[in-house]
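Notes for the one structure printed next.
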Amino acid sequence: MRYSGFRVIREALRGHTGWGAAWRDPEPKDHYDIIVIGGGGHGLATAHYLAKVHGQHRVAVIEKGWIGGGNVGRNTTIIRSNYLLDGNEPFYELSLKLWEGLEQDLNYNAMVSQRGIINLLHSDAQRDAYIRRGNAMMLNGADAELLDAAAVRKEYPYLNFNDARFPIKGGLAQRRGGTVRHDAVAWGYARGADSRGVDIIQNCAVTGFRIEEGRCIGVETERGFIGAKKVGCAVAGNSGRVMDMAGMRLPIESHVLQAFVSEGLKPVLPGVVTFGAGHFYVSQSDKGGLVFGGDIDGYNSYAQRGNLPTVEDVCEGGMAIMPMIGRARLLRMWGGIMDMSMDGSPIIDRTPVEGLYFNGGWCYGGFKATPASGYCFAHLLATDQPHPVATALRFDRFERGYMIDEKGMGNQPNLH
Ligand SMILES: Cc1cc2nc3c(=O)[nH]c(=O)nc-3n(C[C@H](O)[C@H](O)[C@H](O)COP(=O)(O)OP(=O)(O)OC[C@H]3O[C@@H](n4cnc5c(N)ncnc54)[C@H](O)[C@@H]3O)c2cc1C
C-alpha cells in the first residue's frame, strides 16, 4: 500500500477502514541467506538496503523485543554531518544525503526536518578549531557556515548573550542538519524491508551462534535454531553481550545516555543548538517540548535508566546557555545503552568467524548514521567488500594504530 495525500483523504471519507498493517508478523523460516540481529534503526536499514540495492530477499531481522524499542526510539533525534576526520566525514555526509531522500525512498513520513544545527563557540581557540572543521566538512562536500555572535543572536535571541559565564562568540552552522522523528525511522525502514520480502521477527532474542569449523551457520534463538549463509550483528548497546556468545571480546564498553523533554513551550528554538563549553544539546519538538541531553552517565551499565547527578549536570549545561530553561518543567526522561568504542568511532566489519559480520560502536551519535550504516553494512554483507566511505571503520584500526579519534580523547570510551 502506497501512502499519499490522496490516500489520506480517501481513508478519511471511508472511516479509515482501508489501512493495512505496515509490516507482517511472519513465523521464522528454517533458513535465510542473511540474518540481521537487532531490529533497531541500523538492523532495519541494513535489511531494507539489502533487499532494495542488492536484491537480497531471503533476509530476516531478528529482534529481541519490539522494533524501535531500543536506541532508535530513545535518542534526541539529531542528524548532521559536521565531523572533522577523513574516516568519518564522508560517511556521515553520505548519511545526510540518504536522509534527504529517505521519505521518498521509503514512501513514509519520517518528519525529516532540516532546521539546521549550530555548535556554539565560546573562545578564539574554539573558533579556530571550528574553522578547521568547517573547512574539512566543505572539502568533503558538506555545508558549513561560520557565524559571529550577532548572527547567532538574530536566530536564537533566547540564548544568554548578556552575562554568561561562557560568552557566546559565534557558532559553526550546518543548515542541512536537523531532526528526524526517530521511531518513524524504524517503522519506515521496517515497512520498506517487509514490502521486499524481508521477515521481521520480533520478540525473539538470539541466544547463541552455531559455529562449525570456524564458520557461522546460523543463530540459536528463543524460537529455535535458524540457519543462514551470513549473519550480521547490529545490536548497538548490547554488542558486547551478543558477540560474547561468539567468543569475541570487543573494543567497546556499554554506558547509559539519558534524554529529557520539557513541557510544551511556544516556539523558542528554530533549530538544534549545542553548547561549546560543556556537553549540552537542545532542539524543540513540533509539539513544543524542549528535547535535550548531555553526557553519558560515565559508568558501565546495561540498564536503560540513568542517575540523578547526570540530570543535574545536563540541566546545568542548559542553564549556562539558556537560563529560561530553568522555568520549564521537565516532563519526561529516559536512558538508552550506548556502545562506546575506544576511539569514539563505529565499526562496520567482518569478524574472524567466517560468515559473521559486525556493526556497532556507534556511541551516542548513531542515529544520524542510520541510513549510511545500513547502506554500508548491506554492501559489506552482500559483496564481502567494505563500502568506499566505510573503509576506515574496521576492527584492525586499533591494532594498526589508525584511530579515528574525533575528540582527541585517547582510548577511554566514556570520554568520547
Ligand atoms: C538518550 C539518547 C540520545 C541519543 N541522541 C542521539 C542523537 O541526537 N543523534 C544521534 O545521531 N544519535 C543519538 N543517539 C545514539 C543512537 O540512538 C544510537 O547510536 C543508535 O540508535 C544505535 O543503533 P540502533 O538504532 O540500531 O540501536 P537500537 O535501536 O538499540 O537497536 C538494537 C536492537 O538490538 C536488539 N537486541 C539486543 N540484543 C539482542 C539479541 N540478543 N537478539 C536480538 N535482538 C537483540 C535490541 O532489542 C534493539 O532493538 C542517542 C542515544 C540515546 C540513548
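The sequence shown maps to residues 3 to 418 in the numbering used here.
All C-beta atoms in this analysis are idealised placements derived from N, C-alpha and C, irrespective of residue type, glycine included.
For residue i, count neighbouring Cβ atoms within 10 angstroms of its own Cβ and tell me buried if that reaches 16, exposed if not.
i	result
S125	exposed
R135	buried
S347	buried
G97	Position check: residue 97 holds Ser in this sequence, whereas Gly was assumed. So S97 counts as buried.
Q387	exposed
W101	buried
P92	buried
I1	Here the chain comprises residues numbered 3 to 418, so residue 1 is not present and cannot be evaluated.
L46	buried
M324	buried
W25	buried
V55	exposed
A53	buried
T385	exposed
E408	buried
L104	buried
A152	exposed
G328	exposed
Of the choices the options, whose alpha-carbon is the least far from that of residue i?
i	options	result
Y304	E215, Q260, A151 and Q414	Q260
A112	D35, H59, N164 and G190	G190
D27	A62, L52 and V55	A62
A23	A192, R402, A238 and G367	A192
G180	R82, S97 and R198	R82
T353	L15, F379 and F369	F379
A195	I120, L271 and D107	D107
Y301	F168, N416 and Y377	N416
R212	D246, S197 and E102	D246
A1	N90, W68 and Y158	Only positions 3 to 418 of the chain appear in the structure, and residue 1 is not among them; the question remains open.
S197	H59, M411 and G410	H59
R9	N73, E95, N109 and G40	N109
G173	F277, G143 and K99	F277
G71	N205, S115 and Y51	N205
D185	S375, H418, N137 and F369	F369
E265	N73, K171 and A330	A330
R225	D32, G103, V316 and E95	D32
R117	E95, F168, V274 and R251	V274
Q128	S115, P169 and K156	P169
L332	T372, G290 and V355	G290
A374	P30, H50 and G17	H50
Check whether the Cβ atoms of residue i and residue j sit closer than 8 Å, and answer yes or no.
i	j	result
C235	F360	yes
V187	G43	yes
T223	A238	no
G296	A322	no
I406	L122	no
I228	Y404	no
Y160	M326	yes
I349	L395	yes
Y283	I120	no
I64	I36	no
T48	G376	yes
G41	I11	no
D351	F397	yes
N142	E95	yes
P30	I203	yes
V114	V182	yes
Go through its chain and collect everything with a Cβ distance to residue i's Cβ below 8 Å, but skip five positions before and after it.
i	result
D299	H257, V258, L259, Q260, G308, N309, T312 and G337
D145	M139, Q176, R177 and R178
Q306	R76, V258, W336, G337, G338 and I339
Once you ignore the five residues that flank residue i on each side, which residues in its own chain have a CB closer than 6 Å to its CB?
i	result
I254	S241, G242, D341, S343 and G363
G357	R217, C218 and K232
V293	T78, V263, S285 and S287
K66	A207
V244	C235 and V237
M3	G22
Whose C-beta lies closer than 7 Å to the C-beta of residue i among residues of the same chain, with five residues either side of it excluded?
i	result
G249	none
D315	G296 and D297
R251	none
Y366	L259, I298 and M340
Length-filtered (4 minimum) alpha helix (DSSP H) runs lying within the region 132 to 170
151 to 157
Can you check the region 334 to 376 for any beta strand (DSSP E) of at least 3 residues that lies completely inside it and give the ranges in chain order?
List check, beta strand (DSSP E) in window: 349 to 352 and 358 to 362.
Mind pulling the beta strand (DSSP E) runs of 3 or more residues that sit fully within the region 188 to 216?
Unbroken beta strand (DSSP E) runs of no fewer than 3 residues, entirely contained in the region 188 to 216, are found at 201 to 203 and 208 to 214, following chain order.
Output the residue ranges of the beta strand (DSSP E) runs that lie fully inside the region 12 to 43 and measure 3 residues or longer, sorted by chain position.
33 to 39
Which residue spans inside the region 63 to 143 form an unbroken beta strand (DSSP E) run of at least 3?
119 to 123
What beta strand (DSSP E) runs, 3 residues minimum, are completely inside the region 262 to 334?
274 to 276, 283 to 286 and 291 to 302
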